[in-house]
Amino acid sequence: MRYLPRLADDLLAEALTISGAVQVRGPKWCGKTATSLQQAGSVIYLQDPDRSRSYLALADAKPSVLLEGETPRLIDEWQMAPQLWDAIRFAVDRRGEPGQFILTGSSTPTVQGMHSGVGRIASLVMRTMTLFESEESTGRVSLKALFDGETEIAGVATLDVEDMARVLCRGGWPAAVTAGAKTPAGRLARNYVEGLIYSDVARMDGVARNATRMRALMRAYARHISTQASQATIAADLAVDEASMAPNTVSDYLDALSRAYVIEDLPAWNPALRSKTAIRTSPTRHFVDPSIGAAVMRWTPADLLRDFEAFGLQFESLCVRDLRVYAEANDGALFHYRDKTGLEADAVVVLADGRWAPVEVKLGSAQLDDAAAHLRRLRDRVDWDRMGEPSFLAVITAGATAYRRDDGVFVIPLACLRN
């Protein structure tokens, strides 16, 4: 499979220059191993069916042997032997040099090491491919350039709404991206969901979970994508699939999906405001890749084009996925905003140096005026003396052209955006 460069390439290279080890976390099939292999000096695959049993026995008896090899030493699916964590931390201390190990894993082990690894083991989150990484965004509009003061943008997207529905159902899985038109949109995502439901989540921590309940919960979750639905609301929605689960069971299943990097909720932003207004703190619900929700609901691109309300929510989730990656590539993070008056921003990009920018997501152009008005209201509500003025205001769309409105709000097709 052809390797497409990832934004994580530079982040991993940088982390290896300052940390003894780097833990690369993220969902299964998102490209963690392929990216890590670009910089690894040697590798050991703990899932190798011919050697896995021997490796795990050695991890118990003498884990230091597994750490021998040219550096950086890649240990793939390290969570199968969580005792390696302390052995790696100890080896990093003994060697006293950066760039010794890369750890990849598609789940968070329930058994933690004796030491946190702070100062020795850096953490890097990888997600599925953004449109820029899959070479479907022109990259004419740079998030970094906007934060650095760019005031004029221009670009024409190569994807239309029909293309966006196809890309959404296909997902950003590297194998699906490189397969191109040879594989029907959503086929790999459906295989991912089936494997997840019937084996991966249970195997992650040895806890048996009912496949029917897991599927019903994921369908209920998919119906609340891009909303601030509570766990109670999601649990109540299970009745749609004629299933019921106790609240603590729902919590356990959602925790398992989170530790498997299947769901990744967007936290709320809590800025200083000019006047007292209660800020909603509930997270916005998202799968790590929107194709998971489409797969579990058995939606096709044609289904989304017939239901623009569902399409709009799924498109927002697609934008959130890309914005997370672009924000983190600029040493930032992504949040959402909503207060008791109903004023909201689908995403707020906040950089480590304090600069921030609110973003609204609209599938089409009919609601651009309302979205721009919401962004201006939020800009005026934030206390600039304490938070600083926003670097820019932007509406991300599935439209064709990137431009700056007369009111200063940027309109950016997702297929024109990059880090």
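Numbering (UniProt numbering), first residue to last: 1 to 419. Cβ atoms here follow ideal geometry from the backbone N, Cα and C, with glycine treated the same way.
Of the residues 31, 99, 93, the one whose Cα lies closest to the Cα of residue 15 is 99.
Distance check between residue 385 and each of 354, 392, 397, 412 places 354 closest, using alpha-carbon atoms only.
Straight-line spacing of the CA atoms in residue 245 and residue 235 works out to 7 Å.
By the beta-carbon neighbour count (other beta carbons within 10 angstroms, threshold 16), residue 366 is exposed.
Excluding residues up to 5 positions away in sequence, 44, 103 lie with their Cβ nearer than 6 Å to the Cβ of residue 75 in the same chain. The Cβ atoms of residue 70 and residue 36 do not sit closer than 8 Å to each other. If you draw a straight line from the Cα of residue 237 to the Cα of residue 299, it comes to about 19 Å.
Closest option to residue 193, judged by alpha-carbon separation, among 29, 417, 120: 29.
Linking residue 151 to residue 89 through their CA atoms gives a straight-line distance of about 47 Å.
Within the region 49-133, the runs of alpha helix (DSSP H) at least 4 residues long that lie entirely inside it are, in chain order, 52-61, 84-95.
For residue 95, the closest alpha carbon among the candidates 196, 67, 83 is that of 67. With a contact defined as Cβ atoms closer than 8 Å, residue 145 and residue 196 miss out at about 38 Å.
It is roughly 46 Å from the alpha-carbon of residue 167 to the alpha-carbon of residue 62.
Collapsing the DSSP output to three states places residue 333 in a strand.
With 16 or more neighbouring CB atoms inside 10 Å of its own CB, residue 172 falls in the buried class.
Straight-line measurement puts the Cα of residue 302 at about 27 Å from the Cα of residue 212. Nearest neighbour of residue 122 by Cα position, chosen from 130, 340, 101, turns out to be 101. A Cβ-Cβ separation of about 6 Å places residue 340 in contact with residue 277 under the 8 Å criterion. In the structure shown, the three-state DSSP call for residue 261 is coil.
The secondary-structure analysis by DSSP pairs residue 344 across a beta bridge with 338.
By DSSP's assignment, residue 155 forms a beta bridge with 402. Remark: three or more beta-carbon pairs, one from each stretch, lie closer than 8 Å, so the region 346-363 and the region 395-415 are flagged as touching. Annotation: residue 177 to residue 106 spans about 20 Å, alpha carbon to alpha carbon. No Cβ-Cβ contact shorter than 8 Å links residue 131 with residue 11. Looking at the DSSP output, residue 351 shares a beta bridge with 332. Straight across, the Cα-Cα distance linking residue 60 with residue 338 is about 49 Å.
The Cβ atoms of residue 174 and residue 305 do not sit closer than 8 Å to each other. Residue burial is scored here from C-beta neighbours: residue 149 has fewer than 16 other C-beta atoms within 10 angstroms and is therefore classed as exposed. In terms of Cβ geometry, residue 416 and residue 128 do not form a close pair [threshold 8 Å].
Taken through DSSP and simplified to helix, strand or coil, residue 21 comes out as strand. Here residue 154 is near residue 403, since their CB atoms are less than 8 Å apart. Within the model, the alpha-carbon separation for residue 201 versus residue 229 is close to 23 Å. Boundaries of the alpha helix (DSSP H) harbouring residue 36: 32-37, taken from the DSSP string. CA-to-CA, the gap between residue 25 and residue 318 works out to about 20 Å. In the structure shown, the three-state DSSP call for residue 144 is helix.
By the C-beta density criterion, residue 324 is buried, having at least 16 other C-beta atoms within 10 angstroms.
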